[in-house]
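Residue numbers (the working numbering): 42 to 523.
Here is the structure we will look at, set down as structure tokens.
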């Protein structure tokens, strides 16, 4: 082999490495293997719809996010939480004062209180644009406390209370195996991607929070975009200007060259596709092309992620992208509050960030006329113990999640202003508790996921494949989406 050819191929591989080294969101090669695949779609899908998953990493103490307000139930809550927290007189208490709660009333007449730091979510709930899903968690099948902990008892999800394992079970949408390589968002994307006939090389699964199992299907993988937009593939060094254009031109020439090896040829094709998709996204998101939004967002990480998602939803309607189904992913860490949970900078600050980001995202979707086309929901590792470990809380099981979308009575699909499922009596060692207030879930991940997947247009026949074990539950789909 001539020396010059070997040199060019070394340059080719170095150029491919530079695409990754620049931090170019969406250009990572494991994510590009999906491109060019033929995908099957459900025939009944119609206009644009999108899911937005927000993963709250660490295990949200959701029973301090949504609190029973009726006096008898609140009193049980307060006893389990060790009284109202006071930094001086009751530093180990985890309770929130009843008169500080943002009070909400659901459609059945029940009253609840939102953590004061979560009060920005109250207008959403009052308008029917927010619903809560009570006591959700990983389940193999429905189980009661009396059916746990003896030979022949009902099976439990493996590795309860483990961050990594419970995160994976939420993302897979089931607890039937510890080795599944696919997430339920990605498996939905497999079945919906062929509807996206515009920029078909861009997968329907777009992450603003990096790589994740949830969006990993058999054919599609998460396509990463930073919260400030796609990176510049031309920026092969720290300097800009014409030098960047020269570097990009050189890389493109290498990608087009005959590589003489099947693997190099394949990766060259992936590199070319990466450059094309990156350029199309950057052009579509350019404010000069109408790719920005006017809604003001808080200057916090989750808000920045949701702002980018709103922009992507907006531009995805245009001919440059032309997508009808998209599944987005955002995330926020810090919810593993073993220590200093009641410090105002810890859990309260996180709840404030979530509520503020949701309110701004709702306003942005209204601005672009897509509020009725996007459903946003949360997932989190697990709930947390009701009693204190001395300075915070520990890992538990069931917890409260939320869903946001346009109200069913206002042209949307969400049956909001409601707490869906069975909100438990918050006793430390009651019939629904495994001890310390570790609540046994009464609604499964499978049921929540199947409801969201059905709204996206996934065929009924596919739900059992995406969510193994869904048949173990009497109500495979819940009623929170029309």
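Cβ atoms here follow ideal geometry from the backbone N, Cα and C, with glycine treated the same way.
- For residue 180, the three-state secondary structure derived from DSSP is coil.
- Taking one beta carbon from each stretch, the stretch 144-158 and the stretch 440-447 have fewer than 3 pairs nearer than 8 Å; the two do not touch.
- By the Cβ rule, the stretch 214-222 counts as touching the stretch 472-488, because three or more pairs are nearer than 8 Å.
- For residue 511, no pairing in a beta bridge is given by DSSP.
- The alpha-carbon of residue 265 is positioned some 36 Å away from that of residue 196.
- Counting only the Cα atoms, residue 517 lies some 28 Å from residue 244.
- Annotation for residue 438: no alpha helix (DSSP H) segment contains it, and DSSP assigns it neither H nor E.
- Beta-bridge partners assigned by DSSP to residue 521: none are found.
- The count of Cβ pairs closer than 8 Å, one atom from the stretch 488-508 and one from the stretch 220-231, reaches three, so the stretches are in contact.
- If you compare the alpha carbons of 381, 519, 468 and 411 with that of residue 128, the shortest gap goes to 381.
- Inter-residue distance for residue 462 and residue 403 is about 24 Å (C-alpha atoms, whole angstroms).
- Remark: C-beta atoms of residue 322 and residue 271 approach each other more closely than 8 Å.
- When rounded, the separation of the alpha-carbon atoms in residue 145 and residue 106 is 12 Å.
- Of all alpha-carbon atoms in 181, 502 and 163, the one lying nearest the alpha-carbon of residue 210 is that of 181.
- Distance between residue 261 and residue 520, taken at the CA atoms: about 29 Å.
- Here DSSP, grouped into helix, strand and coil, assigns residue 122 to coil.
- Each of 133, 348, 93 and 344 was checked against the Cα of residue 409, and the nearest Cα belongs to 348.
- Close CB contacts of residue 363 within its chain, under the 8 Å cut and outside five residues either way in sequence, are with 237, 238, 239, 240 and 357 (chain order).
- For residue 402, the enclosing alpha helix (DSSP H) stretches over residues 388-408.
- With contacts defined as CB atoms closer than 8 Å, residue 450 and residue 169 qualify as a contacting pair.
- The stretch 107-127 makes no contact with the stretch 385-403, as fewer than three CB pairs between them are under 8 Å.
- Annotation for residue 109: the continuous beta strand (DSSP E) segment containing it runs 107-109.
- Exposed is the label assigned to residue 191, since fewer than 16 other Cβ atoms lie within 10 Å of its Cβ.
- DSSP lists 94 and 248 as the beta-bridge partner residues of residue 370.
- For the stretch 149-235, the continuous alpha helix (DSSP H) assignments of 4+ residues that do not extend past its boundaries occur at 163-167, 204-213 and 225-233, in sequence order.
- For residue 496, DSSP records no beta bridge to any residue.
- Within 10 angstroms of the beta-carbon of residue 419 lie 16 or more other beta-carbons, which makes it buried.
- Non-local C-beta neighbours of residue 416 in its own chain, meaning closer than 6 Å and more than five positions away in sequence, comprise 92 and 446, ordered along the chain.
- Less than 8 Å divides the Cβ of residue 257 from the Cβ of residue 222.
- Excluding residues up to 5 positions away in sequence, 433 lie with their Cβ nearer than 6 Å to the Cβ of residue 379 in the same chain.
- Within 10 angstroms of the beta-carbon of residue 185 lie fewer than 16 other beta-carbons, which makes it exposed.
- Its Cα nearest to that of residue 189, the residue 480 stands out among 495, 480, 139 and 522.
- Residue 435 and residue 429 have their C-alpha atoms some 8 Å from each other.
- By the CB criterion at 8 Å, residue 398 and residue 351 fall outside the cutoff.
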